[in-house]
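**Student:** Take a look at the following structure, please.
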Amino acid sequence: MTDHNSVCEGYDENVPVSMRILSTQMKALREGADLTQRELGDRAGFSESQIGSVEQGRRPLKMDLAVQLEKVFKVPKVFTSVVNEQLKEPHPSWFQPFAQAEAEAVSLSVYGNQLINGLLQTEEYARAVHVAHRPALEDEEIERRVAARLARQQLLTRKPAPSLSFILEEVVLQRTVGEPEVMREQLLHLLELGRHRHIEIQVMPTARGCHAGLGGPFTLVEPRDEDMCAYLEVQDVGRLITGRRIVSQFARRYGILQSQALSSEDSAEVIRRMATGER
Numbered sequence: 002m003t004d005h006n007s008v009c010e011g012y013d014e015n016v017p018v019s020m021r022i023l024s025t026q027m028k029a030l031r032e033g034a035d036l037t038q039r040e041l042g043d044r045a046g047f048s049e050s051q052i053g054s055v056e057q058g059r060r061p062l063k064m065d066l067a068v069q070l071e072k073v074f075k076v077p078k079v080f081t082s083v084v085n086e087q088l089k090e091p092h093p094s095w096f097q098p099f100a101q102a103e104a105e106a107v108s109l110s111v112y113g114n115q116l117i118n119g120l121l122q123t124e125e126y127a128r129a130v131h132v133a134h135r136p137a138l139e140d141e142e143i144e145r146r147v148a149a150r151l152a153r154q155q156l157l158t159r160k161p162a163p164s165l166s167f168i169l170e171e172v173v174l175q176r177t178v179g180e181p182e183v184m185r186e187q188l189l190h191l192l193e194l195g196r197h198r199h200i201e202i203q204v205m206p207t208a209r210g211c212h213a214g215l216g217g218p219f220t221l222v223e224p225r226d227e228d229m230c231a232y233l234e235v236q237d238v239g240r241l242i243t244g245r246r247i248v249s250q251f252a253r254r255y256g257i258l259q260s261q262a263l264s265s266e267d268s269a270e271v272i273r274r275m276a277t278g279e280r
């Protein structure tokens, strides 16, 4: 497994590499036909800015434009076949390396301080998260992302069972995502998951003040037959880290966090009180 840093200047990180190659082909065909972006847009029925955005990798090539490009350049299936394949890929390119490692994990350790981790989310909680995404997503894209997130949860019931540990900041449980009933069902779902012997859920109380996780959320994942790696994600940018020295630092940090958080039993009681509205 290679180190992955998805920061790629000039590109939208949701645009897969194959789409970027198509963007380059699109530009080459346009220039070969001696057309400006505006002229190509006029022939294809799209604006000059839309053509420019696709060529520069700021937005993915969509099916409607792909169809028109093939008509303009008389190149059947050059664009639409790739778009069709990309529609089958459930995760954006920046997330794919981690998704593969996660699916093969024999152990996973997650510290989160913003949202409940995707592996623990209910369908309605996941949908509310994507509805809140900005810039706003199309309904079809929201449903595709929700389905992809729920599909990842097969890890929870896989045999043999992986060892799964989650540490959640208390504020994450207090943040109402979606309607209050959505949040209540999410908290009850956490309680149910925590009853499984291979899943440990701990709460980091806000009253703890300074602790080892103040640098931000992270995940440790140990894929089958490979060394442990660390994953960092912020604002739709993800990085998979494989360097042993850095991963070892994260592992030690996670061990400290486990000792600073509430026990799984005390955490379950905190979650239960939140779900039932008890003080």
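Quick note: the sequence shown, position 89, residue 90 per our numbering, numbers continuous. Ideal placement from N, C-alpha and C gives every residue a C-beta, glycine not left out.
(1) If you check the beta carbons only, do residue 102 and residue 92 fall under 8 Å apart?
(2) Between which two residues does the alpha helix (DSSP H) harbouring residue 205 extend?
(3) Cα-Cα, which of 201, 219 and 233 is closest to residue 157?
(4) For residue 249, name the three-state secondary structure that DSSP assigns.
(5) Using DSSP with H/G/I as helix, E/B as strand and the rest coil, what is residue 99?
(6) Do residue 269 and residue 174 come within 8 Å of each other at the CB atom, strictly closer than that value?
(7) To the nearest angstrom, report how far apart residue 235 and residue 71 are at their CA atoms.
(8) Check the C-beta distance from residue 221 over to residue 231 and give it rounded, since I have them as a contact under 8 Å.
(9) With a 10 Å radius around its C-beta and 16 neighbouring C-beta atoms as the bar for buried, classify residue 278 as buried or exposed.
(10) Comparing alpha-carbon positions, which option in 67, 65, 233 and 178 lies nearest residue 1?
(11) Grab me the residues of residue 272's own chain with a C-beta within less than 6 Å of its C-beta, minus the 5 sequence neighbours each way, in chain order.
(12) On a Cα-Cα basis, can you pick out the residue from 64, 40, 211 and 105 that is closest to residue 154?
(13) On a Cα-Cα basis, can you pick out the residue from 119, 180 and 161 that is closest to residue 150?
(14) What is the C-beta distance between residue 131 and residue 143, in whole angstroms, given that I count them as a contact (C-beta under 8 Å)?
(15) Let's see if you can read the secondary structure: which residues bound the alpha helix (DSSP H) around residue 182?
(16) Residue 143 lies in the alpha helix (DSSP H); which residues open and close that run?
(17) Note down the Cα distance separating residue 68 from residue 219, rounded to an integer number of angstroms.
(18) Identify, in the order they occur along the chain, each residue of the same chain with its Cβ nearer than 7 Å to the Cβ of residue 265, setting aside the five sequence neighbours on each side.
(19) Quick one: residues in its chain with C-beta nearer than 8 Å to the C-beta of residue 46, no 5 flanking neighbours on either side, listed in chain order?
(20) Does the distance from the CB of residue 183 to the CB of residue 126 come in under 8 Å?
(21) Less than 8 Å separating the beta-carbons of residue 110 and residue 62?
**Tutor:** Here's the rundown:
(1) Your numbering for residue 102 matches position 101 in the sequence shown. Your numbering for residue 92 matches position 91 in the sequence shown. No, the pair does not count as a contact, with Cβ atoms beyond the cut-off.
(2) The count along the sequence shown starts at 1 and reaches residue 205 at position 204. It is not in any alpha helix (DSSP H) - residue 205 instead sits in the beta strand (DSSP E) that spans 200 to 205.
(3) Position 156 of the sequence shown, counted from the first residue, corresponds to residue 157. Of the listed residues, the one whose Cα sits closest to residue 157 is 201.
(4) Within the sequence shown, the letter at position 248 stands for residue 249. Helix.
(5) Translated into the one-based positions of the sequence shown, residue 99 becomes position 98. In this structure, residue 99 counts as helix in the three-state DSSP scheme.
(6) As a working note, residue 174 is residue 173 in the sequence shown. As a working note, residue 269 is residue 268 in the sequence shown. No, they are not a contact pair.
(7) As a first step, residue 235 must be located in the sequence shown, where it is residue number 234. As a first step, residue 71 must be located in the sequence shown, where it is residue number 70. So the alpha carbons of these two residues sit roughly 37 Å apart.
(8) The count along the sequence shown starts at 1 and reaches residue 221 at position 220. The count along the sequence shown starts at 1 and reaches residue 231 at position 230. Right, the Cβ-Cβ distance comes to about 6 Å (below 8 Å), so this counts as a contact.
(9) As a first step, residue 278 must be located in the sequence shown, where it is residue number 277. That one is exposed.
(10) For residue 1 there is no data in the structure shown, the boundaries of the chain being 2 and 280.
(11) In the sequence shown, residue 272 corresponds to position 271, counting from 1. Only 188, 191 and 192 meet the Cβ criterion.
(12) For this step, residue 154 is matched to residue 153 along the sequence shown. Here the closest residue by C-alpha is 105.
(13) Reading the sequence shown from its first residue, position 149 is the one you call residue 150. Answer by Cα proximity: 119.
(14) Walking along the sequence shown from the start, residue 131 turns up at place 130. Walking along the sequence shown from the start, residue 143 turns up at place 142. Sure, about 5 Å apart at Cβ, within 8 Å.
(15) As a working note, residue 182 is residue 181 in the sequence shown. Looking at the DSSP string, the run of the alpha helix (DSSP H) that includes residue 182 is 181 to 194.
(16) Here the question's residue 143 lines up with position 142 in the sequence shown. Counting along the chain, the alpha helix (DSSP H) containing residue 143 begins and ends at 140 to 153.
(17) The sequence position of residue 68 within the sequence shown is 67, counting from 1. The sequence position of residue 219 within the sequence shown is 218, counting from 1. Taking the straight line joining both Cα atoms gives about 41 Å.
(18) Here residue 265 refers to the residue found at position 264 when the sequence shown is read from its first residue. Excluding sequence neighbours, residue 265 sits near 195, 201, 202 and 203.
(19) Position 45 of the sequence shown, counted from the first residue, corresponds to residue 46. Excluding sequence neighbours, residue 46 sits near 69.
(20) Reading the sequence shown from its first residue, position 182 is the one you call residue 183. Reading the sequence shown from its first residue, position 125 is the one you call residue 126. Yes, the Cβ-Cβ distance between residue 183 and residue 126 is below 8 Å.
(21) Walking along the sequence shown from the start, residue 110 turns up at place 109. Walking along the sequence shown from the start, residue 62 turns up at place 61. Not in contact: residue 110 and residue 62 (Cβ atoms no closer than 8 Å).
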